[in-house]
Amino acid sequence: MNRLRIGTWLILYLLALLIQVGLLPQIYPMGYVPNAVLSVTVLIALHETPKRGMWAGLLGGLMQDLWAGRLIGLNALTFALLGYGVAWVQQKIVRDPIFVPGLIAALSQVVVVPFQWVLLYIFGYHFSWLMFSRPLPVWILFSMLFTPALGGIVGFGTRRNRKGSAGYRSLSL
Amino acid sequence: MGGFISRWRRLFITVLVIMVVTVSLSLTARIRGNVIGLSTLINTVVSPAESSMAFIGRETGLGLSTVGDIFTLQQQNRALERQLLKYKSMKLELSEVLAENSRLRGLLGLEHALGRWKLEPASIISRNPDSWFDTVMIDQGTRNGVHTGMAVIVPQGVVGRVISAGPNTSTVMLILDPKSGIGALDVRSQSTGVVLGQNPVAGLLKFQLFSSKANVLPGDVVTTSGLSQYYPKGLLIGQVVSVTHNQYGLTETATIQPAVDFNRLETVMVVQSHPSGASIPPIFGGGKS
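Same order as they appear, the protein sequences are chains A and B. Here this note's numbering is used: the first residue of the first sequence is 67, the next is one more, and so on. Here this note's numbering is used: the first residue of the second sequence is 1216, the next is one more, and so on.
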């Protein structure tokens, strides 16, 4: 198995967080800054088993929570579930290094936003849903482009790709 | 028993993790001080990397905008030359006004009051990684005399307050943050209330008025009331955009457009000390943040 080590996860998440807090706010207006940690979680999960995908998501989410210093567990729970879900899905679908990461990252964004809205609502942050979901198209577009690009830069393929198979495979449900 | 545990081990661990995370969420939703302290500690460690990343972003943006600006520079230059002629004539008038202003300030004793404002300039090095929370990290900490509770301002108005301070960096909660609240005053009607943050996406503030017949109108200027323990009196918050009454007319709420453009925020001033009363800080009166 060509699994990523935890050290690699840490470095990737650290870089993603630095981009998220230092670089992206220079480009995107307040409230619209996309989540690079989500993209990294999707990339790692596409490369791992569901269990390891979950642990990776938990680690990345926890790092973001500690960095933000507000609600510890909000992103940890979200990305742990996301990591598990993405890794589980990737075992059952066609895989390629560009379209699948982009599509899954975009879909993840669609799932993560309402999930976090509910969590925040439960824990006392009553945001208007219309306002909360307004940046969603921007984030979807960002995830669709950023995730495969990042995957390409760091040399990620999906788990089965790395086992030596061709880039495109037929459905294996 | 051992067989039972090993059989349900995965489920047991998953449930345990979810329980721990839920308890953590519940606790951190109530207790914020220690959590933000931990965040400040992390940010202190990674602040050089954050600064570098912000610098790269700023310089890249600046480079790109410079290329774009070349095409408009010639046009702007002609317009500026015309304006220069106009300002030269205005300068003569202004020097007379300044002399008179200086004399009047001396009479009112304002010079003394302004002198007592102690402001520490700081640069924003990073923002909160969560889009729902509006905090920023500044490059000044306790070593520079910045402490928790100090107000943060720019020439355009109030930015927020320091909620956690490390040796070299501090966390500033912006007035847009959902947990932010400032004692505020509508200058025209003298109605008081609390200005609350809403959502960074909206970029607007909610002015919850104490009186049900507050007579606040769109266009009114809202400043700090001085009733808050953090903010000095008379600092500009923003302008009323709309006013709404609740269903039974018992409360009145206004929506405020903040005076500060939070997207362009790069340098801020931490108010280390200020005179009591309603004098305004010397940096107020316009300019670029």
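Cβ atoms here follow ideal geometry from the backbone N, Cα and C, with glycine treated the same way. In this text, all values refer to a predicted model and were calculated from it rather than measured experimentally.
Test item: CB-CB of residue i and residue j under 8 Å
i: I1257 (chain B); j: I1378 (chain B); result: no
i: W1347 (chain B); j: L186 (chain A); result: yes
i: V1367 (chain B); j: V1387 (chain B); result: yes
i: F181 (chain A); j: A1244 (chain B); result: no
i: E1481 (chain B); j: I1339 (chain B); result: yes
i: L1432 (chain B); j: L1420 (chain B); result: no
i: Y98 (chain A); j: V204 (chain A); result: yes
Contact set between residue i and chain B, taken where Cβ atoms lie within less than 9 Å
i: R118 (chain A); result: Those within 9 Å of R118 (chain A) in chain B number zero; the least Cβ separation is about 13 Å.
DSSP-derived helix/strand/coil call for residue i
i: S1338 (chain B); result: strand
i: R71 (chain A); result: coil
i: F222 (chain A); result: coil
i: Q1472 (chain B); result: strand
i: T1357 (chain B); result: helix
i: Q1371 (chain B); result: coil
i: Y1487 (chain B); result: Checking the displayed sequence, the identity of residue 1487 (chain B) turns out to be Gln instead of Tyr. The answer is strand: DSSP assigns Q1487 (chain B) an E or B state.
i: E1274 (chain B); result: helix
i: A1417 (chain B); result: coil
i: M1305 (chain B); result: helix
i: L124 (chain A); result: helix
i: Q1291 (chain B); result: helix
i: I77 (chain A); result: helix
i: F1425 (chain B); result: coil
i: A1328 (chain B); result: A caution first: A1328 (chain B) carries a pLDDT of 49, below 50, which makes its placement in the model unreliable, though a value can still be read off. DSSP places A1328 (chain B) in helix when its eight states are reduced to three.
i: E1467 (chain B); result: strand
Cross-chain neighbours of residue i in chain A, by beta carbon under 8 Å
i: N1292 (chain B); result: Within chain A, no residue comes near N1292 (chain B); the closest Cβ sits about 28 Å away, beyond 8 Å.
i: S1221 (chain B); result: What S1221 (chain B) touches in chain A: nothing, since even the nearest Cβ is about 16 Å away.
i: E1513 (chain B); result: Residue numbering for chain B in the displayed model covers 1216 to 1504; residue 1513 (chain B) lies beyond these limits and cannot be assessed.
i: R1297 (chain B); result: Simply none; closest approach about 33 Å.
Buried or exposed by the 16-neighbour rule on C-beta atoms within 10 Å, applied to residue i
i: V1238 (chain B); result: exposed
i: T1287 (chain B); result: exposed
i: H192 (chain A); result: exposed
i: S1457 (chain B); result: exposed
i: L1325 (chain B); result: Note that L1325 (chain B) scores 45 on pLDDT, short of 50, meaning its location in the model is unreliable; the coordinates nonetheless yield the value given after this. Burial call: exposed.
i: A232 (chain A); result: Note that A232 (chain A) scores a pLDDT of 41, beneath 50, so its modelled location is shaky; the value from the coordinates is reported in the next line. By the 10 Å Cβ count, A232 (chain A) comes out exposed.
i: S174 (chain A); result: buried
i: G1434 (chain B); result: exposed
i: R136 (chain A); result: buried
i: A1294 (chain B); result: exposed
i: Q1444 (chain B); result: exposed
i: G126 (chain A); result: buried
i: L1329 (chain B); result: Unreliable positioning characterises L1329 (chain B) in this predicted model, as indicated by a pLDDT of 47, which lies under 50. A coordinate reading is not provided.
Residue nearest to residue i in terms of C-alpha spacing, selected from the options
i: A146 (chain A); options: A:L173, A:A122, A:Q175 and A:F198; result: A:A122
i: Q1413 (chain B); options: B:Q1405, B:Q1423 and B:S1406; result: B:Q1423
i: P1393 (chain B); options: B:N1343, B:D1349 and B:G1364; result: B:D1349
i: R1342 (chain B); options: B:N1359, B:T1229, B:L1389 and B:V1351; result: B:V1351
i: Q1472 (chain B); options: B:V1485, B:L1451, B:V1483 and B:V1486; result: B:L1451
i: A111 (chain A); options: A:L124, A:P100, A:N101 and A:V99; result: A:L124
i: L83 (chain A); options: A:V103, A:V220 and A:A215; result: A:V103
i: R1376 (chain B); options: B:V1483, B:D1435, B:T1259 and B:T1275; result: B:V1483
i: L216 (chain A); options: A:A153, A:I93, A:V108 and A:V179; result: A:V108
Proximal chain B residues relative to residue i, where beta-carbon distance stays under 8 Å
i: M197 (chain A); result: Q1413, N1414, V1416 and A1417
i: L132 (chain A); result: L1253, S1254 and I1257
Listed by chain order, chain A residues near residue i by CB distance under 9 Å
i: R1342 (chain B); result: Q86, V87, G88, L90, P91, M96 and V99
Per-residue contacts from residue i into chain A (C-beta, under 7 Å)
i: V1236 (chain B); result: G139, A142 and L143
i: I1284 (chain B); result: Sequence check: residue 1284 (chain B) is Asp here, not Ile. Going along chain A, no residue has its Cβ under 7 Å from D1284 (chain B), so there is no contact; the nearest lies around 17 Å.
i: L1451 (chain B); result: Chain A residues near L1451 (chain B): none, gap ~19 Å exceeds 7 Å.
i: L1231 (chain B); result: Residues of chain A passing the Cβ test: none, with the nearest at roughly 12 Å.
Contacts of residue i in chain B (Cβ-Cβ under 7 Å)
i: Y187 (chain A); result: Near Y187 (chain A) there are no residues of chain B at all, since even the closest Cβ is about 11 Å away, more than 7 Å.
i: Y191 (chain A); result: W1347 and P1393
Contact test: residue i Cβ vs the ligand MG heavy atom, cutoff 7 Å
i: D1401 (chain B); result: With respect to the ligand MG, the structure offers nothing, as it holds no ligand at all.
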